[in-house]
Structure formats: structure tokens, C-alpha cells
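Numbering (the working numbering), first residue to last: 18 to 663. All residues carry an ideal CB built from backbone N, CA and C; glycine is no exception. For reference, the structure is listed below as C-alpha cells.
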């Protein structure tokens with residue numbers, strides 16, 4: 018990102034120095050004047066590029082994590098390049114050009130002759146554009162409106178979809194399934210994966226004991242019993258295969274035999290690690306009653322299961338583990354003088370244990386835990402005979418104040434903002450997140466209206482992260498634009514002239530939309546960060562151009578001539594600096610190496626934005642400058658003297 022911009026400041030200084038040498042000025046004077054004449058302009062343009070990083074660096078969450086290192090690196094590099102351009106370059110110019118001025122000028126005259134044709138063509142087109150500026154502006158405004166109108170129909174996602182070198186697949190069978198059956202199903206999938214030419218290694222895990230569950234960290238990769246398994250597939254590097262990880266998984270899915278009550282769920286660990294979301298699509302249903310929540314979740318699964326692009330549609334209450342449910346007889350317990358806390362404490366102590374004291378062994382403290390022996394904990398009859406002492410001092414068995422029944426509990430009970438919540442989750446393949454959520458909202462529109470009082474739906478997962486992050490980035494863009502304005506207002510010492518340069522930002526948006534459409538990219542966190550950086554870079558050429566126009570007017574040059582000559586004179590450095598920056602981001606935009614999916618949208622945005630913005634800036638900046646300064650070109654007729662740069 019920074020490589021292309023590193024030489025921009027030096028290009029402007031050297032080009033301006035050489036222009037003074039061509040006018041016959043001594044080497045020392047040309048070196049000093051060449052740098053000082055553009056010093057403030059390149060300082061302002063560097064600051065506008067650097068200052069846009071401030072709002073995104075001070076943002077919270079993933080935005081700061083992804084941009085801080087890049088921002089610090091580019092900032093240090095550009096400030097260093099500014100220092101070199103204003104100090105080292107003039108020094109080296111005075112040494113290098115000394116005694117070689119006429120020789121260099123003669124050699125450059127041949128190159129100038131080739132470029133002069135393009136300069137004359139630009140002068141002619143620019144003069145015509147200034148005379149017909151209303152039509153030119155109308156065309157540009159129309160392009161801008163069309164670009165804005167296209168945005169709602171573009172693909173949107175939180176992070177660009179990446180082609181990973183591993184596939185993680187969780188296998189779910191009905192609760193109570195023997196581990197041998199779980200292993201048999203997993204082995205079938207394992208054999209199919211091993212038959213794929215892109216697969217290197219397949220690792221599997223079938224089932225999990227209660228002790229392992231108690232020790233595990235949880236999460237989507239944890240196994241909750243013998244009915245679950247995990248398949249981890251290692252693929253060859255991206256450069257050595259024709260198909261993506263999702264395409265390979267789809268191929269295996271189609272080859273798997275149809276198995277009743279068996280579910281395969283892909284786990285995107287890269288996305289989960291960044292966002293913390295359970296899945297790309299997560300529909301949270303809030304309410305009080307778990308049975309009703311399960312019914313509502315079943316209805317949501319049924320309504321959205323055939324939405325195009327959705328895979329692994331499920332909810333966490335699909336099946337629960339068999340359990341003995343303890344039901345307290347409150348009236349009987351009250352007659353015996355037993356409290357709910359006393360009874361629950363006994364049950365928990367007997368079945369799960371309770372720390373009653375600590376034993377100190379040197380510097381270490383060891384908990385002393387009171388719990389029933391394992392053989393008794395596994396016997397319901399033994400648990401029912403746990404003794405209690407009534408208010409009268411009599412022994413009472415637990416079975417005398419409770420009823421026991423077999424049932425099935427939920428796999429997971431979650432609360433959010435003190436409300437019970439059930440999540441319906443799904444993965445996405447072949448579509449963007451934004452369009453999938455729009456389809457889901459349409460499917461659930463009537464369903465949401467009919468929800469009982471106290472029950473409601475929220476959208477979580479990657480979509481929630483995307484909405485929150487987009488709000489942060491749009492606020493950062495607004496702050497960046499304000500900071501850019503402040504820098505330019507200080508540079509031009511004028512409140513209106515910065516608005517002339519700010520008109521390059523809508524021009525950049527035209528290029529952004531066009532480039533994303535051509536590249537088939539979506540609007541994402543990465544592309545929006547690219548837009549913010551582009552805002553700081555896009556104004557640079559306008560600053561250099563307007564600064565020189567102002568200099569010409571202060572020297573007494575007629576205003577219309579100053580506008581044209583300012584643009585024509587700065588044509589070469591504008592094109593050169595734009596070209597170096599564009600070439601710098603080309604590898605980022607076109608890279609197809611492993612992990613390039615995360616960087617590519619930023620390169621595409623900057624590439625398209627800079628190309629379109631640079632071309633249109635050559636005409637829009639002079640037009641807007643003439644409008645803001647009320648300079649009319651209606652009857653303007655250029656003369657021969659206009660062919661010379663003042």
C-alpha cells in the first residue's frame with residue numbers, strides 16, 4: 018500500500034526543480050525554489066493521507082485490530098518520504114545537476130517533445146470543458162447518482178470469503194447413539210474425504226465422555242457426548258488446487274449416503290476467531306418458556322431451510338440429553354419445615370460435590386470436597402434416600418419431599434440481557450451475507466408479526482458484527498473527511514477552496530463502485546477501510562493543482578490563464594504520482610495467493626478509485642475552481658502566449 022506513495026513527494030519536487038532548470042535558473046536556486054514552491058502542497062497532501070488513519074486506529078474492536086499495524090507502517094513511511102523530499106532530494110539535485118544542467122535539459126527536451134502532444138491535447142479538451150462546464154458537471158453528477166443507486170444492490174458481507182487450507186466438520190447424531198455408530202458414520206465421511214485429490218490428511222474424533230466435557234473449554238469444536246464427532250481435513254495449498262475448500266466440501270456432501278437424523282455442520286474457525294460469532298447466520302429468538310422457544314425455533318428452521326445458499330440450518334435445542342428431573346413438593350417440604358435452599362444444597366452436594374474446607378500443604382491450598390461415592394451417585398435409588406433433618410429433628414428422605422421423572426433437557430440454556438434465548442444458526446455457500454439476510458427477513462416477516470407478547474427476534478452472527486462495524490467505519494469516514502478539510506483549509510488559508518478538492522471524493526466513489534462490480538467483490542470491512550484510505554489519497558492531486566493555480570494568481574497572472582496553466586503545468590506530476598500509487602496497489606488487487614482474499618478488496622477499491630478519480634480530477638478540479646472563484650470562460654479565446662507556462 019505504501020510503496021507506490023513513497024516516491025510521490027519526490028516526483029513532485031524533482032519535476033518542479035527540473036522545470037525551473039529549463040527556465041534557465043541556476044542549479045542551486047532551482048533546487049531550493051523547486052522544493053519550496055511545492056513544499057506546503059506536498060506537506061498538506063501527505064498529511065491528508067496520514068490523517069485518515071486516525072479515526073480508524075482509535076476505533077474499537079476488529080477495525081482497530083486489522084488496521085493499526087498497517088496505519089503505523091504507512092504513516093511512518095510517508096512522513097519519512099516527506100522529509101526526504103524536502104531535504105535530501107533538493108541537496109542531491111543541486112549536486113547531481115551541477116555542471117550537467119544544459120546536458121540534462123537537452124536530453125529532456127526530446128522527452129518533452131513527445132509529451133507536448135499530450136499536453137496540447139489536454140489543454141484543448143480542458144478549455145472546451147471549461148466553456149461547457151455545466152454539461153460536464155451534469156454528466157459527472159449523473160454518474161455519481163447512478164453509482165449511489167447501485168450500492169443497495171451490491172453484495173455485502175462482514176469479511177471477504179477466504180479459501181482456507183483446512184475443513185472442520187462437526188457430525189451430530191441423535192442423543193443416546195452408541196459411540197460405535199458415531200464412529201461408523203464418521204468413518205464413511207473420512208473415506209470420502211481421503212478419495213479427494215486435494216486432501217492431504219484427515220483427522221477424526223468420535224464421542225466425548227462426561228469427564229472430558231467437564232474439563233473442555235466448550236465452543237463449537239467441543240463434543241457434548243458420544244453422539245457427536247469431529248472431522249478435520251487438511252488440504253493442499255491453494256495454489257496447487259482448482260477448487261475451493263467449500264467446493265470440495267460440497268462435493269463430499271453430495272457423495273455421502275442419506276442418513277436419518279445425521280447432521281453435518283461446517284465450522285469456520287477463522288471467522289469465529291475474529292468475530293466470536295457462532296455462525297455467519299444467527300437468528301436469536303428471545304422469550305420465557307423453553308417449550309415455546311423450541312417450537313418457534315423449529316418454525317424458523319422450517320421457514321428458512323430452503324433459502325438459497327444456506328447450509329447446516331439448525332438450533333441448539335434440536336435434541337437434549339436424557340436426564341432425571343427432580344420436582345420439589347413445596348407444600349410437603351413446608352409442612353416439615355424444610356427450605357428450598359436446604360434441599361437443593363443437599364442434592365447438589367451429593368451429586369456434584371461441595372467444597373467444605375481447605376487443607377494447606379506448605380504454600381498450596383487443597384480443596385476438601387464432600388460428595389457421594391461414584392457408585393452411589395450413579396444410582397437414583399441411593400440419591401432418593403439422601404437424608405434431611407426436619408424442623409422437629411426427625412430424619413426425612415429426599416424421596417418424601419420430591420417427585421422424580423425421566424425427561425430430556427436442552428443441550429444449552431443461554432441468556433442474554435436476562436432473557437432466555439435460542440439461536441438458529443446456519444452457514445452460507447455461494448452467496449453474500451447481505452442478500453441471504455434479506456431473503457430470511459422476507460421469509461420471517463409475517464412470522465415476526467405473529468410472535469406472542471414478550472417474544473422477539475434479533476439477528477446476530479456475522480450480520481450483527483457487519484452492521485456494527487459498518488456504522489463505525491462510516492463514522493470514521495465522516496471524521497476523516499472533516500480532518501481532510503481542516504488540513505486543506507490551513508494549506509489554502511481559505512474556507513471555500515477545500516470544497517473544490519473535496520469534489521474529488523464523489524469521483525472516487527464512481528471508481529469504487531465500478532471496480533467492485535468488475536472484480537465481483539462485495540462491500541465489506543476491508544473494502545470500506547480502503548475507501549477511507551482512498552479519501553486521503555484522492556485529494557492529493559487536487560491540492561497540488563490548486564496550490565499552483567493560487568500561486569499564479571498571486572503573481573498577477575490573469576485568472577482564466579492561471580486556471581488552465583495551473584492544470585496543464587501540473588499534468589505531468591499528477592499523472593506520475595497517480596501512476597506510481599496505482600502500480601503500487603496492483604499486486605494487492607490482483608493477488609490470488611493464500612490469504613489474498615482479505616487484502617484484495619482494499620487493493621481493488623484503491624485501484625478503481627484512483628484511476629477514475631485521477632482522470633476526472635484533471636477536468637473537475639479546474640471547473641470547480643473556476644465556479645467557486647466566479648471565473649467565466651464563456652468568451653475565452655486562448656492566444657499563443659497561453660502555450661507557455663508562467
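Subject >> Beta carbon of residue 222 nearer than 8 Å to that of residue 246 >> reply: Taking 8 Å as the Cβ cut-off, residue 222 and residue 246 qualify as a contacting pair.
Original post:
Which residue or residues does DSSP assign as beta-bridge partners of residue 244?
Top reply: DSSP output for residue 244 lists no bridge partner at all.
**OP:** Mark residue 170 as exposed unless 16 or more other C-beta atoms lie within 10 angstroms of its C-beta, in which case mark it buried.
**Re:** Its Cβ having fewer than 16 others within 10 Å, residue 170 is exposed.
Original post:
Would a C-beta distance cut-off of 8 Å place residue 91 and residue 19 closer than the cut-off?
Top reply: Yes. Within cutoff.
Original post:
Just to confirm, are residue 387 and residue 364 a CB contact at a threshold of 8 Å?
Top reply: Contact annotation: residue 387 and residue 364 have beta-carbon atoms that are not nearer than 8 Å.
Original post:
What three-state label does DSSP hand residue 514 in the structure shown?
Top reply: When DSSP states are grouped into helix, strand and coil, residue 514 belongs to the helix group.
Original post:
Would you report the Cα separation of residue 145 and residue 163, rounded to the nearest angstrom?
Top reply: Straight-line measurement puts the Cα of residue 163 at about 25 Å from the Cα of residue 145.
Original post:
Thinking C-alpha only, which one of 63, 134, 36, 87 is nearest residue 114?
Top reply: When only C-alpha atoms are compared, the closest one is 36.
**OP:** Under 6 Å Cβ to Cβ from residue 564, same chain only, skipping five residues before and after it: list those, please.
**Re:** Close CB contacts of residue 564 within its chain, under the 6 Å cut and outside five residues either way in sequence, are with 58 (chain order).
Original post:
With a CB to CB cut of under 6 Å and the five nearest residues on each side skipped, what residues in its chain are close to residue 403?
Top reply: Answer for residue 403: 363, 367, 415, listed in chain order.
Subject >> Segment limits, alpha helix (DSSP H) that includes residue 401 >> reply: Where residue 401 is concerned, the enclosing alpha helix (DSSP H) stretches over 397 to 401.
Subject >> CB of residue 562 within 8 Å of CB of residue 638, strictly >> reply: Yes. Within cutoff.
Original post:
Counting along the chain, where does the beta strand (DSSP E) carrying residue 475 start and finish?
Top reply: Residue 475 -> beta strand (DSSP E) spans 473 to 477.
Original post:
When we look at the beta-carbon of residue 234 and count the other beta-carbons within 10 Å, is it buried (16 or more) or exposed?
Top reply: Confidence in residue 234 is poor, its pLDDT being 39 and thus under 50, which makes the residue's placement too unreliable to answer from.
Original post:
What's the C-alpha gap between residue 227 and residue 242?
Top reply: Because the pLDDT of residue 227 is 40, which lies under 50, any placement of that residue in the model is unreliable, and the number read from its coordinates should be weighed accordingly. C-alpha of residue 227 to C-alpha of residue 242: approximately 7 Å in a straight line.
**OP:** Grab me the residues of residue 526's own chain with a C-beta within less than 6 Å of its C-beta, minus the 5 sequence neighbours each way, in chain order.
**Re:** Closer than 6 Å at the Cβ level, and outside the excluded window around residue 526, lie 164.
**OP:** Output the distance between the C-alpha atoms of residue 325 and residue 453, rounded to the nearest integer angstrom.
**Re:** Taking the Cα positions, residue 325 is about 8 Å away from residue 453.
Original post:
Can you list the beta strand (DSSP E) stretches of 3 or more residues lying completely in the segment 304 to 384, in chain order?
Top reply: DSSP runs (the beta strand (DSSP E)) wholly in the segment 304 to 384: 327 to 332, 338 to 345, 371 to 378.
**OP:** Work out the CA separation of residue 224 and residue 232 for me, nearest whole Å.
**Re:** In this prediction, residue 232 scores a pLDDT of 36, lower than 50, which makes its location untrustworthy; the coordinate-derived value is nonetheless stated afterwards. Going by the C-alpha atoms only, they are around 15 Å apart.
Original post:
Going by the CB atoms, is the gap between residue 303 and residue 461 shorter than 8 Å?
Top reply: No, they are not a contact pair.
Subject >> Segment limits, alpha helix (DSSP H) that includes residue 72 >> reply: Per DSSP, residue 72 belongs to the alpha helix (DSSP H) from 70 to 74.
Subject >> Alpha-carbon spacing of residue 489 relative to residue 356, whole angstroms >> reply: Looking at the backbone, the Cα of residue 489 and that of residue 356 are separated by about 52 Å.
Subject >> Contact check, residue 479 vs residue 175, beta carbons under 8 Å >> reply: Contact flag set, yes.
Subject >> Chain-order list of residues whose beta-carbon lies under 8 Å from that of residue 498 (same chain, five-residue window excluded) >> reply: Answer for residue 498: 519, 522, 552, listed in chain order.
Original post:
How about residue 618 and residue 543: do their beta carbons lie closer than 8 Å?
Top reply: Their beta carbons are under 8 Å apart, which means residue 618 touches residue 543 by this criterion.
Original post:
Among 46, 201, 512, 133, which one has its Cα closest to the Cα of residue 645?
Top reply: Nearest C-alpha to residue 645: 512.
Subject >> residue 54 versus residue 147 - alpha carbon distance >> reply: For residue 54 and residue 147, the distance between alpha carbons rounds to 26 Å.
Subject >> Status (buried if at least 16 other CB within 10 Å, exposed otherwise) for residue 199 >> reply: It counts as buried.
Original post:
Do the segment 263 to 279 and the segment 206 to 220 touch if we need at least three Cβ pairs shorter than 8 Å?
Top reply: When Cβ pairs closer than 8 Å are counted between the two stretches, the segment 263 to 279 is seen to touch the segment 206 to 220, the count reaching three or more.
**OP:** Examine the Cβ distances between the segment 593 to 600 and the segment 615 to 632 and report whether three or more of them are shorter than 8 Å.
**Re:** Judged by Cβ distances under 8 Å, the segment 593 to 600 makes contact with the segment 615 to 632, as three or more pairs qualify.
Subject >> Closest by C-alpha distance to residue 546, when choosing among 87, 358, 401, 34 >> reply: The candidate whose alpha carbon is nearest that of residue 546 is 87.
**OP:** Consult DSSP for residue 89 and reduce its assignment to one of helix, strand or coil.
**Re:** The answer is helix: DSSP assigns residue 89 an H, G or I state.
Original post:
Helix, strand or coil: which one does DSSP assign to residue 404?
Top reply: DSSP places residue 404 in the strand class (E or B) of the three-state scheme.
Original post:
Among 103, 418, 586, which residue has its Cα nearest to the Cα of residue 27?
Top reply: The option with the nearest alpha carbon to residue 27 is 103.
Subject >> Reduced DSSP secondary structure (H/G/I, E/B, other) of residue 227 >> reply: At residue 227, the pLDDT of 40 sits below 50, so the modelled position is not reliable; the number obtained from the coordinates is stated separately. If DSSP states are grouped into helix, strand and coil, residue 227 belongs with the helices.
**OP:** Give the DSSP bridge partners of residue 257, in chain order.
**Re:** Residue pairing for residue 257: DSSP places it in no beta bridge.
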